[in-house]
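In the order they appear, the protein sequences are chains A and B. For the first sequence, my numbering assigns the number 4 to the initial residue and increments by one for each residue that follows. For the second sequence, my numbering assigns the number 280 to the initial residue and increments by one for each residue that follows. Beta carbons: idealized from backbone N, C-alpha and C, even for Gly. Keep in mind the model is a prediction, meaning the values are calculated, not measured.
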Amino acid sequence: MNARRSNFWALFWGALAILYFFLPLYGTLDFSLRMKRGELSLQAYQIVFSDPRFWEGFRYSTLMALITIVISVLIFVPTVYWLHLKVPQARPVVEIITILPFIIPAIVYVFGLIRTFSRPPLQLTLSPFTTDILIVTGYVVISMPYMFRAVDVGMRAIDVRSLTEAAQSLGSNWFQILAHVILPNLRIAILSGALICFATVMGELILASFLVRPALGPYMALLGLTKAYEPAALAIISYALTWFSLGLIQLISRGGTAQQFTGR
Amino acid sequence: MSHLELIHLHKSFGHSVAVQDFNLSVQPGEFVSFLGPSGCGKTTTLRMIAGFELPTSGVITLDGRDLTYTPPNKRNVGMVFQSYALFPNMTVAQNVGYGLKIAGKPKAEIAARVQQMLALIQMEKFAARYPYQLSGGQQQRVALARALAIRPQVLLLDEPLSALDAKIRLELRQEIRRIQRQLGITTIYVTHDQEEALSLSDRIVVMSQGKIEQVGTPTEIYNEPATEFVAQFVGHINLLPVEILSPAEGLVRLGNQVLRAGRFGHLNGKAVRLAVRPEELNPGRVDGLNNLSGRVESVTYLGSIVRIRLEVEGHLLALDMFNERRLKLPRSGEPLDVHFPVEACWLL
Ligand SMILES: Nc1ncnc2c1ncn2[C@@H]1O[C@H](COP(=O)(O)OP(=O)(O)OP(=O)(O)O)[C@@H](O)[C@H]1O
Ligand SMILES: [Mg+2]
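Set out below in structure tokens:
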């Protein structure tokens, strides 16, 4: 009887959570399909997909996301590696630094960026190209908590120190250790970090709109102000994108566990 | 000329001293164990030889070449870790061949050498497996083959068996010794297990608190421990506080019973202790030998031996006997006389 009662509450809260998460999503989906009066249609989606500004934003954001990922990997893999190997006592400090992007609002951060880099000596906001450099560095910072944690967790699953020393005693230099031993064993971790990074950048609004770059985020916001059905369709599209990324993470990491990547 | 030479090695971490004034010279093909309790500096010394730690002072030479500041990847020293440390992303064959690949050896040569090494550890059939598909003992054998594949001048092992269960440990111990003999490779083996050290080594270095207590063959270490620490750490020992009666003859007194010590250094009149191993004691009284009378305190079965604890003049004394069926064991509380040869005891 006790078990049955706790069963009931588990179901109850589960159902409530599902309603809480999915009702708005369902509402949005339903709304996005009702552009034509009295029937369900994909017209809102067609409009979005035939808008060149959507594709421009999509292309731009995708490119920025990929560059962000490459730079993040190049920065965080060696950093976390060094942290594990040489300065484990610095971990608390580093952990606090990496969650700063969660604590400092993006709007504060972007104003800081603009104030610092819109005047000499480093005037980056003048041309689109230098602004892109600025925006990528911003994205690297914003996605730092995810990338750092993903790599950190991956690194914890392997015995970094012994593997490094084993490789060293077999004649490897630092580059070979990273390339042959550390990176291959972090594939899953890096991939999941990269996918979260991708999803973050694709939906990013504040940096892109204040630095006035043609990203997907500002386009969505603009559409939201001027249209009714298209923003709903766009919201569903971006949801789908995020979920696709998450699904991909699941798929890859499951495949990985079945293979040799459980660590020890 | 000796092969591997450690001269006045000293290592501090901040204010704490891990190793001090460590001197050792190892002959080619010799199997030397570092034995000591946890934290005595065995691993630190080994890691200095491997190059993972720099000595605070002192010199390490290998065949006359000064290695002290050579980075680990230029030392040509093989290392086996307690945690195996196989590369999880590589197969057994790739693991074993990794050092040769780094050295830029041709593919055919690597393949041949890998075959040879796998044959040595009797794991030819496992070449294509990944480490996670192997048992602990198999993984450690692969790690051994990987370390040996590059033909190192010295093989270093840091408690390679302590993560394995008792039976495999025993098996692999013999295997390591066989391979070491077969290749004639100079080996340094770190362990805190005295049985391992005694059964494997040509020489044992007993360490305590960063210092060498004694260097010697297993027999020397066991039969002639140089210090009280060695006597107590290796094997079991009875230490009885005695009074000196005659320094010249080695006569001492325990309560009202007189004993003669087989070995004694310069006695300076201070209180000393008589050391005797439990297996040297036998029940009964024999004229001409050392005799003691006491009372049985407890009788404990330890498998092949039985340990009897006696209370003698207010001190506990252990006596080991083989567990034979016809043995008539004394009961607790009974009086018991024991004897032991004069040569079997010494003063500390
Ligand atoms: N990286 C380090 N930083 C500070 N102290 C260290 C470091 N490595 C070792 N020590 C200290 O040096 C001493 C010797 O350590 P070491 O690891 O050599 O002992 P060990 O004999 O191998 O012990 P065990 O049997 O437990 O492995 C210990 O007191 C240890 O705390
Ligand atoms: Mg150790």
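Cβ proximity to chain B below 8 Å picks out Ile161, Asp162, Ser165, Leu166, Glu168, Ala169, Ala170, Gln171, Ser172, Leu173, Gly174, Ser175, Asn176, Gln179, His183 and Val184 from the stretch 154-186 of chain A. Of B:Pro614, B:Leu423, B:Gln373 and B:Ala445, the smallest CA-CA separation from Ile464 (chain B) is found for B:Leu423.
Arg539 (chain B) and Val621 (chain B) do touch by the CB rule: their CB atoms are close to 5 Å apart, below 8 Å.
Distances taken from the Cβ of Thr322 (chain B) to the heavy atoms of ligand 2 include one shorter than 6 Å.
Under the Cβ criterion of 7 Å, Ala329 (chain B) is counted among the residues facing chain A. Distance between Val521 (chain B) and Lys290 (chain B), taken at the CA atoms: about 39 Å.
Interface annotation, Ile500 (chain B): not in contact with chain A, CB-CB separation never under 7 Å. With three or more CB-CB distances shorter than 8 Å, the stretch 566-578 of chain B counts as touching the stretch 586-601 of chain B.
The residues Ala153, Val154, Val156 and Gly157, in chain order, have a CB closer than 7 Å to that of Ala192 (chain A) in the same chain once the five nearest residues on each side in sequence are set aside. By the neighbour-count criterion, in which 16 or more other beta carbons inside 10 Å mark a residue as buried, Gln253 (chain A) falls on the exposed side. Residues of the stretch 407-431 of chain B with a C-beta atom less than 9 Å from some C-beta of chain A are Tyr409, Pro410, Tyr411, Gln412, Ala422, Arg425, Ala426, Ala428, Ile429 and Pro431, listed in chain order.
Contact annotation, Ala218 (chain A) with Ala211 (chain A): C-beta distance approximately 4 Å; criterion of less than 8 Å satisfied. For the C-beta of Met358 (chain B), the chain A residues within less than 8 Å are, from N- to C-terminus, Glu168, Ala169 and Ser172. Inter-segment contact for the stretch 461-480 of chain B and the stretch 499-516 of chain B is present: three or more beta-carbon pairs are separated by less than 8 Å.
Those residues of the stretch 446-468 of chain B placed with their C-beta closer than 7 Å to a C-beta in chain A do not exist. Look at Ser317 (chain B): its beta carbon is less than 6 Å from one of the heavy atoms in ligand 1. A distance criterion of 6 Å places the beta-carbon of Phe292 (chain B) in contact range of ligand 1, judged by its closest non-hydrogen atom. By a beta-carbon distance limit of 8 Å, Gly330 (chain B) contacts Arg354 (chain B). Their separation comes to about 5 Å. Between Pro148 (chain A) and Ile102 (chain A), the C-beta spacing is below 7 Å. Among the CB atoms of chain A, none fall inside 7 Å of the CB of Ser291 (chain B). Relative to the Cα of Val143 (chain A), the nearest Cα in the group A:Leu251, A:Cys200, A:Thr82 and A:Thr134 belongs to A:Cys200. One finds nothing in chain B with a Cβ atom closer than 7 Å to the Cβ of Asn10 (chain A); even the nearest lies about 38 Å away. By the neighbour-count criterion, in which a residue is buried when 16 or more other Cβ atoms sit within 10 angstroms of its Cβ, Thr322 (chain B) is buried. For Phe366 (chain B), the closest Cβ of chain A is nearer than 7 Å. Distance from the CA of Ser165 (chain A) to the CA of Leu518 (chain B), rounded to the nearest whole angstrom, comes to 42 Å.
Contact between the stretch 177-196 of chain A and the stretch 450-460 of chain B is not established, with fewer than three Cβ pairs separated by less than 8 Å. If the five residues before and after Leu244 (chain A) are omitted, its C-beta is found closer than 8 Å to the C-beta atoms of Ala202 and Met205, all from its own chain and listed in chain order.
For Tyr377 (chain B), the C-beta contacts it makes with chain A under 7 Å involve Leu173, in order along the chain. Put simply, the backbone Cα of Tyr63 (chain A) is about 44 Å away from that of Phe15 (chain A). The beta carbon of Ala391 (chain B) sits no closer than 7 Å to any beta carbon of chain A. For Pro497 (chain B), the enclosing alpha helix (DSSP H) stretches over residues Pro497 to Asn502. If you check the CB distance, Phe34 (chain A) and Ala235 (chain A) come in under 7 Å.
In this structure, ligand 1 has no non-hydrogen atom nearer than 6 Å to the beta-carbon of His289 (chain B).
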